[in-house]
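Chemist:
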Amino acid sequence: MLLHSPSVRARGSVPPWGGEGVTAGNSEPFQALRRWPIAVLVAGLTILAASLPSVGEPLLSPPPDEESPVIVLDPGRGGASNIGGRGPTGLLEKDITLQLATETGRLIEELLGAHVVLTRTDDSDVPLDARAALANQVGGDLFISLAAGGALAPTPREFQTFYFDDLQEKSPAGPEPANERDLAGEARPRRRGALSSSPSIPWDQAQLEFLDASQLFARLLDKNLRAQVAEEGRGVFGLPILPLRWVRMPAVLLDVGALSDPGFEAKLRDNAYLQRAALGIVQAVNDYQALRR
Amino acid sequence: MRSHRRVRRVGGKSGAGAWGWICAGILLVLGATVLWWLLGFPGRSHTSSDTAERSAKAVTGEELSIWFASPQEDALVAERHRVPAGPTPFERAKASLQELIAGPKGDALRTVSAEVKIREVFIDEQGTAYVDFSEALSQTHPGGPWAEMLTLRSILQTLVANVPEIKRVQILIEGREVETLAGHMDIRRPLDATWVMSQR
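In order, the protein sequences belong to chains A and B.
The first sequence runs 0 to 292 under numbering that gives the first Met the number 0.
The second sequence runs 0 to 199 under numbering that gives the first Met the number 0.
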């Protein structure tokens with residue numbers, strides 16, 4: 000595993016594009032994990048990885064390099080004025096999303112060897128357009144926004160996965176692909192590290208090119224999360240969601256559940272539940288990357 | 000001389016008769032027009048009766064279709080609320096939204112907090128309704144993309160169902176266009192009446 004790899008830590012400390020975005024693994028709740036003996040951690044991760052269902056290809060841990068995919072994780076909410084949902088006993092959405100994103104990022108780096116970029120790593124209120132701009136600037140290959148929103152009533156509501164759909168215009172993406180592999184094969188040339196030479200795309204239409212790929216990844220996420228957290232989920236939906244509209248890469252929003260439900264709030268306080276949810280996301284990323292190869 | 004006068008007299012009598020026929024024709028056309036007007040041509044009759052009907056409903060109350068969320072939060076459900084709605088599209092729109100804010104009578108779920116105020120409603124000639132809510136619409140919302148979607152659809156569907164003139168709805172908060180309702184749903188532009196939830 001690459002938990003203590005110097006290259007990983009170096010990447011995590013100073014992002015090449017500057018600004019506030021840094022890689023996963025440096026928030027306080029998970030600093031303690033890093034202090035565990037390596038053997039215990041490796042054994043634990045191995046057991047967790049082994050317990051994954053056989054969806055797609057097995058998780059890989061290749062050494063990170065310049066060709067490694069960039070996964071952008073977007074912990075929703077943040078700051079004093081944008082706390083998001085609040086559980087009956089005070090758990091806040093902004094804290095849950097950051098905790099889940101940090102843990103997911105750590106696992107993605109360790110198990111998949113991918114670069115991970117978080118749109119925020121502390122309790123700051125990052126505007127939606129700044130989150131999208133950061134993702135586009137680093138040339139991300141996948142954008143995963145995380146939410147734990149409320150509901151209209153304090154009743155149970157399981158996780159939901161969303162992709163962008165304007166609902167007011169016909170999709171310019173053309174006919175449905177013949178199968179998932181064909182769809183995944185429509186990947187564009189990598190844009191990372193340099194300004195794109197392709198014609199400029201209007202900011203509001205950045206996502207239109209990736210509607211099918213986003214939908215594919217949303218389905219993979221739904222499938223893997225169901226397997227990991229043992230919930231049915233509410234399904235995969237297309238909605239006009241920000242900042243997905245502005246993101247120039249396959250992008251989804253995962254709402255892990257209604258924090259206003261007392262039972263679900265208790266679940267979210269359990270680190271084991273968050274760990275399983277994180278593993279579901281990691282497995283979905285792995286499945287998606289496998290389809291693109 | 001006499002015959003000449005007779006001829007002229009005969010000729011004058013003939014001209015007077017023609018004018019008489021013309022006058023009679025004009026009177027007939029005018030009469031028919033007046034009669035048609037009194038009986039009413041279709042458009043005028045409709046407008047007249049529609050206005051009268053609406054005026055009566057404004058006094059006695061009218062059943063409006065108000066859309067709330069189902070208890071399972073998986074759909075919208077309509078309730079019939081009898082209220083004095085008013086004859087104009089503006090009055091009907093405002094009455095419909097007031098009922099939406101007042102909340103459901105059955106087991107449906109409210110989609111808009113009771114604290115929300117309607118600051119203004121304006122409907123332009125193209126059928127776009129600009130609805131200006133107080134900031135409570137955003138601040139009291141529980142958040143979450145799904146709940147936001149239900150709220151927006153309930154507003155849109157309630158307006159479109161009760162005010163045929165409305166084709167789309169632009170949500171404003173405290174007089175301004177905002178990015179999202181509560182952090183997720185893009186409401187910078189008007190929501191079209193065909194705006195529906197897609198599930199795949």
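The beta-carbon is built from N, C-alpha and C at its ideal position, and this holds for glycine as well.
#1: Express the C-alpha separation of Ala283 (chain A) and Leu219 (chain A) in angstroms, rounding to a whole number.
#2: My guess is that Ser153 (chain B) and Thr110 (chain B) are in contact by the Cβ rule of under 8 Å, so how many angstroms apart are they, rounded?
#3: May I ask you to list the residues that DSSP assigns as paired with Asp73 (chain A)?
#4: Counting only the same chain and skipping the five closest in sequence on each side, list residues whose C-beta sits under 6 Å from that of Arg188 (chain B).
#5: At a CB-CB cut-off below 8 Å, which residues of chain B make contact with Ala150 (chain A)?
#6: Would you please state the rounded distance, in angstroms, between the beta carbons of Ala205 (chain A) and Asn135 (chain A)? I believe it to be under 8 Å.
#7: On a Cα-Cα basis, can you pick out the residue from B:Gln125, B:Asp73, B:Pro83 and B:Lys93 that is closest to Thr157 (chain B)?
#8: Are the Cβ atoms of Ile186 (chain B) and Thr193 (chain B) separated by less than 8 Å?
#9: Between Gly112 (chain A) and Ser137 (chain B), what straight-line distance do the alpha-carbon atoms span, to the nearest angstrom?
#10: Hey, how far is the Cα of Arg190 (chain A) from the Cα of Gly138 (chain A)?
#11: Run through chain B and tell me which residues come within less than 9 Å of Ala146 (chain A), C-beta to C-beta.
#12: By the three-class DSSP mapping on this structure, what secondary structure does Asp94 (chain A) have?
#13: Comparing C-alpha positions only, which one of B:Val76, B:Leu29, B:Ser112 and B:Gln97 sits nearest to Thr85 (chain B)?
#14: Give the list of continuous beta strand (DSSP E) stretches no shorter than 3 residues that lie fully inside the stretch 116-158 of chain B.
#15: Could you give the first and the last residue of the continuous alpha helix (DSSP H) run that contains Phe216 (chain A)?
#16: Tell me whether the stretch 261-278 of chain A and the stretch 78-87 of chain A touch, counting them as touching only if at least three CB pairs, one residue from each stretch, are closer than 8 Å.
#17: For the candidate residues A:Leu273, A:Arg233 and A:Asp122, whose alpha-carbon lies nearest to that of Ala79 (chain A)?
#18: Near Glu119 (chain B), which residues of its chain fall below 6 Å by C-beta distance, leaving aside the five closest residues on each side in sequence?
#19: Thinking just about the alpha-carbon of each residue, which of A:Val228, A:Arg244 and A:Arg233 is nearest to the one in Leu207 (chain A)?
#20: Residues in the same chain with beta-carbon distance under 6 Å from Tyr162 (chain A), minus the five sequence neighbours each way, listed in chain order, please.
#21: Once the 5 residues before and after Arg130 (chain A) are set aside, which same chain residues still bring their CB inside 7 Å of it?
#22: Determine the burial state of Trp18 (chain B): buried for a count of at least 16 other Cβ atoms within 10 Å of its Cβ, exposed for fewer.
#23: Considering only their Cβ atoms, is the gap separating Val255 (chain A) from Ala147 (chain A) smaller than 8 Å?
#24: Can you give me the Cβ contacts of Glu62 (chain B) inside the same chain, cut-off strictly under 8 Å, excluding the 5 residues immediately before and after it?
#25: Might you give, ordered along the chain, the residues of its own chain that have their beta carbon closer than 7 Å to the beta carbon of Gly277 (chain A), omitting 5 neighbours on each side?
#26: Since Ser95 (chain B) is in the alpha helix (DSSP H), which residue starts that stretch and which ends it?
#27: Expressed to the nearest angstrom, what Euclidean distance is found between the alpha-carbon atoms of Asp203 (chain A) and Phe209 (chain A)?
#28: Find the nearest neighbour of Ala107 (chain B) within the set B:Leu155, B:Asp73 and B:Ile172, judged by alpha-carbon distance.
#29: Buried or exposed for Leu97 (chain A), please, with buried defined as at least 16 other CB atoms from any protein chain shown within 10 angstroms of its CB.
#30: Between which residues of its own chain and Glu157 (chain A) is the CB-CB distance below 7 Å, once the five residues before and five after are set aside?
#31: Taking beta-carbon pairs under 7 Å, can you tell me which members of the stretch 162-181 of chain B lie near chain A?
#32: What three-state label does DSSP hand Leu171 (chain B) in the structure shown?
#33: Using a Cβ-based criterion (distance less than 7 Å to any ligand heavy atom), does Leu180 (chain B) qualify as near the ligand ATP?
#34: By DSSP, does Ile200 (chain A) sit in helix, in strand, or in coil?
#35: Assign Ile280 (chain A) to buried or exposed, taking buried as 16 or more other Cβ atoms, counted over all protein chains shown, within 10 Å of its Cβ.
#36: Could you tell me the distance, in whole angstroms, from the CA atom of Ala135 (chain B) to the CA atom of Pro103 (chain B)?
Modeler: The structure says:
#1: Spanning the two alpha carbons is a distance of roughly 5 Å.
#2: 4 Å
#3: Paired residues: A:Ser144.
#4: none
#5: Glu72, Pro141, Gly143, Trp145 and Ala146
#6: 7 Å
#7: B:Lys93
#8: no
#9: 40 Å
#10: Confidence at Arg190 (chain A) is low in this model, with a pLDDT of 48, below 50, so its placement is unreliable and no value can be given for it.
#11: Gly142, Gly143, Pro144, Gly182 and His183
#12: helix
#13: Reading the sequence as shown, one finds Gly at residue 85 (chain B) and not Thr. Out of B:Val76, B:Leu29, B:Ser112 and B:Gln97, B:Gln97 has the C-alpha closest to the C-alpha of Gly85 (chain B).
#14: 117-122 and 127-132
#15: Leu210 to Val228
#16: yes
#17: A:Asp122
#18: Excluding positions up to five away in sequence, the list reads Asp131.
#19: The shortest C-alpha separation from Leu207 (chain A) is found at A:Arg244.
#20: Ser213, Gln214, Ala217, Gly237 and Val251
#21: Asp73, Thr118 and Pro242
#22: Flag for Trp18 (chain B) reads exposed.
#23: yes
#24: The residues are Arg79, His80 and Arg81.
#25: Note that residue 277 (chain A) corresponds to Ala in the displayed sequence, not to Gly. Once the five neighbours on either side are set aside, the close Cβ partners of Ala277 (chain A) are Leu99, Glu102, Thr103 and Leu106.
#26: Looking at the DSSP string, the run of the alpha helix (DSSP H) that includes Ser95 (chain B) is Pro88 to Ala101.
#27: 13 Å
#28: Nearest C-alpha to Ala107 (chain B) among B:Leu155, B:Asp73 and B:Ile172: B:Asp73.
#29: Buried: at least 16 other Cβ atoms inside 10 Å.
#30: Glu230, Glu231, Gly232, Arg233 and Gly256
#31: Of all residues in the stretch 162-181 of chain B, Glu178 and Thr179 have a Cβ within less than 7 Å of some Cβ in chain A.
#32: strand
#33: As for the ligand ATP, it is missing from this structure, which has no ligand bound.
#34: coil
#35: buried
#36: 19 Å
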